[in-house]
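Note that this note's numbering numbers the sequence shown so that position 86 is 90, with each residue one more than the last.
The beta-carbon is built from N, C-alpha and C at its ideal position, and this holds for glycine as well.
Computed from a predicted model, the values in this text were never measured in an experiment.
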Amino acid sequence: MTASRYPFLFATLGDAAASIPDELAQALETTLAAPATGPTDNGFTLLGCLKRIRQEEGADGQPWPSRWHTPGQRVALARIDRANAGLILLLEMLHASERVRVDGEEVQQIGDDIREGLLLACRGLSEYMGTQLPAV
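Structural data, given as structure tokens:
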């Protein structure tokens with residue numbers, strides 16, 4: 005697979021695009037190239053969504069609402085919002101797994117490795133949010 009054969013895919017994924025099987029790469033390239041051939045009826049395209057997600061879209065899928073922040077600050081706030089939504093979900097899963105561990109049946113319990121993975125994911129998201137806060 006070369007960058008010239010799948011330019012939209014390489015622009016989106018970078019070097020990771022080289023590890024995608026050719027059939028999948030071709031389908032993704034077709035999908036990614038579709039907006040370049042003309043607008044859709046509703047203006048909702050894959051590249052448009054990716055662009056909004058990467059820029060200033062919060063966890064609710066909407067652009068960050070503040071007009072008083074710079075574009076860079078809105079991006080940082082949106083990233084913090086998405087990371088916080090992920091952190092909340094992971095903590096809810098960890099909390100539920102702990103309740104099942106204490107009060108539930110053994111067959112419903114998750115392993116220590118999964119519980120540790122949840123903790124590490126929570127820690128990683130918290131650390132990421134901490135690096136984003138100075139940007140705001």
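Can you list, in chain order, the residues of its chain with a C-beta nearer than 7 Å to that of threonine 44? Leave out the 5 residues immediately preceding and following it. In the sequence shown, counting from the first residue as 1, residue 44 sits at position 40. For threonine 44, the predicted model reports a pLDDT of 48, less than 50, meaning its position is unreliable and no value from the coordinates is stated.
With DSSP run on the structure shown, which of helix, strand or coil describes tryptophan 67? Start at 1 with the first residue of the sequence shown, and residue 67 comes out as number 63. According to the sequence shown, residue 67 is proline rather than tryptophan. Residue state, collapsed to three classes: strand.
I'd like to know if the region 73 to 92 and the region 126 to 135 are in contact, where contact means that at least 3 CB-CB pairs between them fall below 8 Å. yes
Selected residue, minimal CA-CA separation from lysine 55, among Ser23, Leu36 and Leu91: Stepping through the sequence shown from its first residue, residue 55 is reached at position 51. Answer by Cα proximity: Leu36.
What did DSSP end up calling glutamate 61 once you bin it into helix, strand or coil? Locating residue 61 in the sequence shown gives position 57, counting from the first residue. Strand, per DSSP.
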